[in-house]
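Reviewing the structure listed below.
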Amino acid sequence: MATSEDIQTLILTTLDTQGAIENTDSLKTADGNAIPYLAVVGVLNSLASKEMITYTTIERDQFNLTQEGNEIADSGSHEAKVFNAVDPVNGIAIAELAKLLGASAKIGQGKAFKNKWIKKDGDKLVREVESIVDQTQLDALEIRNTGTHSKPATLKDLQARKHVEKVKLISYKVAKGPKFALKIEKQATDLTAEMLADGSWKTQTFKKYNFAGNPPEGGHLHPLMKVREEFRKIFFELGFEEMPTNKYVESSFWNFDALFQPQQHPARDAHDTFFLLDPATSSNFPDKEYVQRVKEVHSHGGYGSIGYGYDWKIEEAEKLLLRTHTTSVSSNMLYRLAQETKARGSFKPAKFFSIDRVYRNETVDATHLAEFHQVEGVIADKNLTLGDLIGFMEIFFEKMGVPNIKFKPAFNPYTEPSMEIFSWHPGLEKWVELGNSGMFRPEMLEAMGLDPDVRVIAWGLGLERPTMIKYGLDNIRELLGHKVDLDMIQSNPACRLDKKMGKELVGKDAVDA
Ligand SMILES: *[C@@H]1O[C@H](CO)[C@@H](O)[C@H](O)[C@H]1NC(C)=O
Ligand SMILES: *[C@@H]1O[C@H](CO)[C@@H](O)[C@H](O)[C@H]1NC(C)=O
Ligand SMILES: *[C@@H]1O[C@H](CO)[C@@H](O)[C@H](O)[C@H]1NC(C)=O
């Protein structure tokens, strides 16, 4: 029995003398035996990892005799056995044949009748010919000797009769590798202090790292973040600047008052908004004059408005809350824009966007959570009109792959006019809502210090719905929360908004917008 060292030496010396090994099947041990396939693979892999050889796999089909096929090759077919058992002069009794040949008697008789070798004579079988040629045995022998048969039909027939089976033979073609040598140098697995001290590390060869194993667990982007990335790209392509949305806690002032949302508005109720308990308030406001202007426009009006006519209280504006919309960030940014305009002495148009989380005290169900993501865009420029908003919305939704949008007048506390945006859904044959939009009110913008001819158009939509549609999720709790399947997050593909996505976006889930 050849050891793997013997096989290694055989392969290396053969390569050395012949330059290459066309087929490892030709390799024979010193005593002339073939080398077991698995032993060859092991040695080849080991030599290849040291770059001493390269090899390619050769696959070919061979036909092997089954146990029954081998018996036929050795002692003849069933039908020949039957023929031989029939005495040339006296024939043989059928009952005796079964005793003599066992199972072969039954199988062989049929074939021998068909070949017209024998016939029935009363309860006896007698020969019909003097001699026979056992072609089946000859066929089996041919297959045994050559691994195949010259007549494909015969091969097929013998396979059907389970005398022959097809086997796959694997062997290898081997060539010298870049580090070919007759002897295997022992490779070090570790760099030791001694090697460094005596300098032997310079000539020592080292075993390569073997990184086989499970792929390391890395981080995976949540589907919401993948879709967010696609929305961000659209905004960046259109020249928008991302707003800093890292403040989840806001004062009621920025979330409501600065937006000209009255202090009695039902959205400012604990049933709709999460207020903070500790700290419950903040008096960290921008300049007092701005706060005073907000108080004034709420209580008595201004900038062409009669206001709400109630007693505005700073205490209400100081209440801290989890922001209910990212418009709190927009109001902050627009106030800064007004400050910059004043400092610079001239107005510069601005395009802002944000995509981040907001919080509402909602009853949780299959499509609602108490926190979700809002996509918001804001454009500030002089003399913008409703026509600009409509035109821009067409461009924006076209980029998302949603053509032919329509607008419906709506009411928002801080925009006037306001429009809901709809798209025709061919499957449902109805218009479904995509988002909300409007022009910020002068009571909000002029109180900030922006010129009366600076107009701001804004729009918003959710991030969850397009994500759920894109990734085929029906229940929002499969997307966020403790029921999320981590495998869903790890295995989901990257998101690409395309024309199809647009059509999906106005899919069935859009109905309950
Ligand atoms: C096929 O036959 C050959 C020669 O008898 C034998 O060495 C080999 O193991 C057989 N292969 C299979 C898969 O039976
Ligand atoms: C949310 O609203 C419910 C009533 O709809 C109320 O009972 C609950 O206290 C509110 N939660 C918070 C944290 O304000
Ligand atoms: C904006 O409109 C006003 C009033 O029609 C006009 O006086 C002003 O020049 C316009 N500004 C720009 C930048 O077009």
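Here the working numbering is used: the first residue of the sequence shown is 273, the next is one more, and so on.
Ideal Cβ positions, reconstructed from N, Cα and C, are used throughout, including at glycine.
Note that this is a predicted model, so its numbers are computed, not measured.
Residue state for P738 is assigned as helix, using DSSP reduced to three classes. Each residue's CA atom was taken as its position, placing F335 and A311 some 23 Å apart. Ranked by how close their Cα comes to the Cα of F668, the residues L656, N655, V650 have V650 in first place.
DSSP, reduced to helix, strand and coil, places P487 outside both helices and strands of the structure shown, so it counts as coil.
By the Cβ criterion, the stretch 488 to 500 is not in contact with the stretch 551 to 567, since fewer than three pairs of Cβ atoms, one from each stretch, lie closer than 8 Å. Nearest C-alpha to V728 among E715, G734, I578, E736: E715.
Ligand 2 has no heavy atom closer than 6 Å to the beta-carbon of N684.
If the five residues before and after W703 are omitted, its C-beta is found closer than 8 Å to the C-beta atoms of K678, F694, S695, W696, H697, all from its own chain and listed in chain order. Here V563 has F525, F557, I586, A589 as same chain residues with Cβ atoms under 8 Å from its own Cβ, once five neighbours each way along the sequence are excluded. Secondary structure of T326 (DSSP, three-state): strand. Given a length threshold of 4 residues, each whole run of the alpha helix (DSSP H) inside the stretch 504 to 570 is given here in chain order: 524 to 527.
Of all alpha-carbon atoms in A652, L641, R632, Q611, the one lying nearest the alpha-carbon of H754 is that of L641. Here the stretch 295 to 304 does not lie against the stretch 426 to 438, with fewer than 3 beta-carbon pairs under 8 Å apart. For the stretch 285 to 342, the full-length beta strand (DSSP E) segments reaching 3 residues or more read 325 to 337 along the chain. Going by C-alpha positions, N604 is about 23 Å away from N633. Under the criterion of beta carbons closer than 8 Å, E513 and F624 qualify as touching, at roughly 6 Å. In the three-state reduction of the DSSP assignment, V401 falls in the coil class. Two segments are said to touch when three or more pairs of C-beta atoms, one from each, lie closer than 8 Å; by this definition the stretch 462 to 475 does not touch the stretch 340 to 353. At a threshold of 6 Å, D637 does not count as near ligand 3, since its beta carbon sits no closer than that to any of the ligand's heavy atoms. A straight line joining the alpha-carbon of D359 with that of E414 spans about 29 Å. In this structure, R713 lies near E688, with their beta-carbon atoms less than 7 Å apart. In this structure, the C-beta of K620 stays at least 6 Å away from each heavy atom of ligand 3. Relative to the non-hydrogen atoms of ligand 3, the Cβ of D653 never comes closer than 6 Å to any of them.
The DSSP-derived three-state label of F619 is coil. The secondary-structure analysis by DSSP pairs N684 across a beta bridge with T687. For F546, the shortest C-beta to heavy atom distance toward ligand 2 is below 6 Å.
A Cβ-Cβ separation of about 4 Å places N527 in contact with S600 under the 8 Å criterion. A distance below 7 Å separates the beta carbons of V569 and G579.
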